[in-house]
Amino acid sequence: MEYRIKDAADAAGVSVRTLHHYDRIGLLCPEKTDANGYRKYTDADLQKLQQVMFFKELDFSLSEIRMIIDDPDFSRLEAMQNHIKLLLKKKKRLDSIIDSLEKTIESIKEDRKMTNDEIFSPFSMKEIDEHREKYAAEARTKYGKTDAYKQSSARTASYTKEDWQRITAEGNHIFGEFAEIMEGPADSAAAFNLVEKWRGHISKNFYHCSIEFLAGLGATYVSDERFTRNIDKTKPGLALFMSRAIEAYCIEKRGS
125 MEYRIKDAAD AAGVSVRTLH HYDRIGLLCP EKTDANGYRK YTDADLQKLQ QVMFFKELDF
185 SLSEIRMIID DPDFSRLEAM QNHIKLLLKK KKRLDSIIDS LEKTIESIKE DRKMTNDEIF
245 SPFSMKEIDE HREKYAAEAR TKYGKTDAYK QSSARTASYT KEDWQRITAE GNHIFGEFAE
305 IMEGPADSAA AFNLVEKWRG HISKNFYHCS IEFLAGLGAT YVSDERFTRN IDKTKPGLAL
365 FMSRAIEAYC IEKRGS
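So this is what it looks like as structure tokens:
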């Protein structure tokens, strides 16, 4: 099923402006656009938005969320299971507050004074905060263990809207340049020049992109459908071509 941006925003209970922002920073880019260039969100996009909202609930920054949910090791199922645990704790707290209100009504009727513990303990956020902090720590440990993650989080934390627009435009321009030479060999001098340019783009804006990391990234462009889908928006088959060009480039660099 496909949704226009207002329908997607209404379904998720967020503003259209928020979805525009998520698109600009590369956090949630809709899979499709119609003939007029309007964004068309799919069920998969809304599922990803759910994960963004979950991690925001855990007080993660948007740059951290982007790194986590784009990580090939990210488990949507595991994240949802933790979401359920957090919601159950919130439900328990609300049930306690309701119970406290009912007891307060009875105490008024009976002209009986309640203890401070009876009055205030149901409002405690301790259990919820402990669970939130525990999962946040686990997620950062699991997905934030690499130097690349740490470097990217540190750099992108201060990026402005204009920074993201510039970075996105530069990245899309490089994708376009790759698309122009797709009919040629992936190990050509032109392809290698663009791989070098792409590597520089990553190192400049996110993290130091070593040959080893670049090789793994190139493989991910075809092994992870999220990367493939995003890159192939420029031109179908582009992700595969870039992956092959990066592989050939890395082999040559390692041998030199």
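Residues 125 to 380 (this note's numbering) are what the sequence shown spells out, left to right.
Note that CB positions come from ideal geometry on N, CA and C, so glycine has one too.
Item: In chain order, what residues of the same chain have a beta carbon less than 6 Å from the beta carbon of A303, not counting five sequence neighbours either side?; Value: T358, K359 and L362
Item: Check K285 in the structure and name its three-state DSSP category.; Value: helix
Item: Taking all protein chains shown into account, do 16 or more other C-beta atoms lie within 10 angstroms of the C-beta of A108, making it buried, or fewer, making it exposed?; Value: Residue 108 is absent from the structure shown; the chain starts at 125 and stops at 380.
Item: Span of the alpha helix (DSSP H) holding Y146?; Value: V140 to R148
Item: I'd like the span of the alpha helix (DSSP H) that includes T344, first residue to last.; Value: I335 to S347
Item: DSSP three-state call for E202: helix, strand or coil?; Value: helix
Item: Enumerate in chain order the residues of its own chain whose CB-to-CB distance from A310 is below 7 Å, with the five nearest sequence positions on each side excluded.; Value: F365, R368, A369 and A372
Item: By a C-beta neighbour count over all protein chains shown, 10 Å radius and 16 as the cutoff for buried, is I232 buried or exposed?; Value: exposed
Item: When you compare the CB positions of Y331 and S282, do they come within less than 9 Å of one another, or not?; Value: no
Item: Going along the chain, which residues of its own chain have a beta-carbon closer than 8 Å to the beta-carbon of K172, five neighbours each way excluded?; Value: L152 and I193
Item: So I291 and N329 are in contact, right, with Cβ under 8 Å, and what is the actual spacing, rounded?; Value: 5 Å
Item: With 16 as the cutoff for other CB atoms within 10 Å, does L218 come out buried or exposed?; Value: exposed
Item: Can you find a heavy atom of the ligand ADP that lies under 8 Å from the Cβ of F351?; Value: The ligand ADP is absent from the structure shown, which contains no ligands of any kind.
Item: Out of Q175, K237 and G295, which one is the CA nearest neighbour of M204?; Value: Q175
Item: Runs of 3 residues minimum, wholly inside the segment 160 to 246: which ones carry the beta strand (DSSP E) assignment?; Value: 163 to 166
Item: My assumption, with CB atoms under 8 Å, is that F178 sits in contact with H207. Please give the rounded CB distance.; Value: 5 Å
Item: Does DSSP classify E155 as helix, strand or coil?; Value: coil
Item: May I have the straight-line CA-CA distance separating E301 from K215, to the nearest angstrom?; Value: 52 Å
Item: What does the alpha-carbon distance come out to for the pair K250 and E376?; Value: 56 Å
Item: State the start and end residues of the unbroken alpha helix (DSSP H) segment that holds E126.; Value: Looking at the DSSP string, E126 is not in any alpha helix (DSSP H); the run it does join, the beta strand (DSSP E), is E126 to R128.
Item: Quick check: the Cα distance between L143 and A168, rounded to an integer number of angstroms?; Value: 15 Å
Item: Ignore the nearest five residues each way along the sequence and tell me which others in Y127's own chain have a CB closer than 6 Å to its CB.; Value: Y165
Item: Exposed or buried, L341, counting other C-beta atoms within 10 Å across all chains shown (16 or more means buried)?; Value: buried
Item: Going by other Cβ atoms of all chains shown within 10 Å of its Cβ, with 16 needed for buried, is E188 buried or exposed?; Value: buried
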